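Asks:
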Amino acid sequence: MSRVGKKPVPVPSGVTATVDGQLVKMKGAKGELSFLVPEEVSVALENGAVSVNPRDDSKTARAKWGMSRAQVANLVEGVSKGFEKRLEINGVGYKAAVAGKVLKLSLGYSHDIDYAIPAGVTITTPKPTEVVVAGIDKQVVGQTAAEIREYRGPEPYKGKGVKYADEFIFRKEGKKK
45 MSRVGKKPVP VPSGVTATVD GQLVKMKGAK GELSFLVPEE VSVALENGAV
95 SVNPRDDSKT ARAKWGMSRA QVANLVEGVS KGFEKRLEIN GVGYKAAVAG
145 KVLKLSLGYS HDIDYAIPAG VTITTPKPTE VVVAGIDKQV VGQTAAEIRE
195 YRGPEPYKGK GVKYADEFIF RKEGKKK
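Numbering (this note's numbering), first residue to last: 45 to 221.
#1: Given this structure, state the Cα-to-Cα distance separating P170 from V176, to the nearest angstrom.
#2: Is K69 helix, strand or coil by DSSP?
#3: Let me confirm a value: L151 is counted as buried when at least 16 other C-beta atoms fall within 10 Å, else exposed. Which label applies?
#4: Tell me, which residues are paired with F79 by DSSP?
#5: Tell me whether N118 is buried or exposed, calling it buried when 16 or more other Cβ atoms sit within 10 Å of its Cβ.
#6: Leaving out the 5 sequence neighbours to the left and right, which residues in its chain are closer than 7 Å to G186 when beta-carbon positions are compared?
#7: Give me, in chain order, the residues of the same chain whose beta-carbon lies closer than 6 Å to that of K74; leave out the 5 immediate sequence neighbours on both sides.
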């Protein structure tokens, strides 16, 4: 039984929720998002909260129950507060800068990497060694941050590369004579 799915998602003031069959739409200060709930799960809007329940007791319905509730909760949080991922760049000469709709990364390769910023995401660089990815869709923000990190992931010996701000890199000791 899903512990996450049992709780209804409260809709705060300033956010408008509409449920049209299996389609859940949220509109708030930051923008508008929608999610198509799987057929195995029923969704309803009752007294200021969106409740999600499985249609039957099958394994797939129970599996999609908690996931659907979490997706609806992410819609509410996205349109009201938004999401943000912070990346840190470590290494001599490693830096990032935003130029228009392109993020320019210098990560120790023979060439600079130009990363086209996707729609619905804003990327800022408060410092040359810090990148902030923000937006209203949690999946797109996380995917964008993961793609940037993938260009030069952190290595365990010196810690050079791109890492999440809250990520711990397990350090290894080098060779001994």
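C-beta atoms are modelled at their ideal positions from N, C-alpha and C, and glycine is treated no differently.
It should be emphasised that the depicted structure is a prediction, and the values quoted were computed from it without experimental measurement.
Replies: So, to answer that:
#1: Working through the sequence shown from its first residue, we reach residue 170 at position 126. Working through the sequence shown from its first residue, we reach residue 176 at position 132. Taking the straight line joining both Cα atoms gives about 8 Å.
#2: Counting from one through the sequence shown, the residue named residue 69 turns up at place 25. Three-state DSSP puts K69 in a strand.
#3: In the sequence shown, counting from the first residue as 1, residue 151 sits at position 107. So L151 counts as buried.
#4: Here residue 79 refers to the residue found at position 35 when the sequence shown is read from its first residue. Answer by DSSP bridge pairing, in chain order: V68.
#5: Sequence index remark: in the sequence shown, residue 118 carries index 74 (1-based). Classification of N118: buried, given that the 10 Å Cβ count is 16 or more.
#6: Translated into the one-based positions of the sequence shown, residue 186 becomes position 142. Taken in chain order, the residues that qualify are K129.
#7: Translated into the one-based positions of the sequence shown, residue 74 becomes position 30. Same-chain partners within the cutoff: V123, G126, I180.
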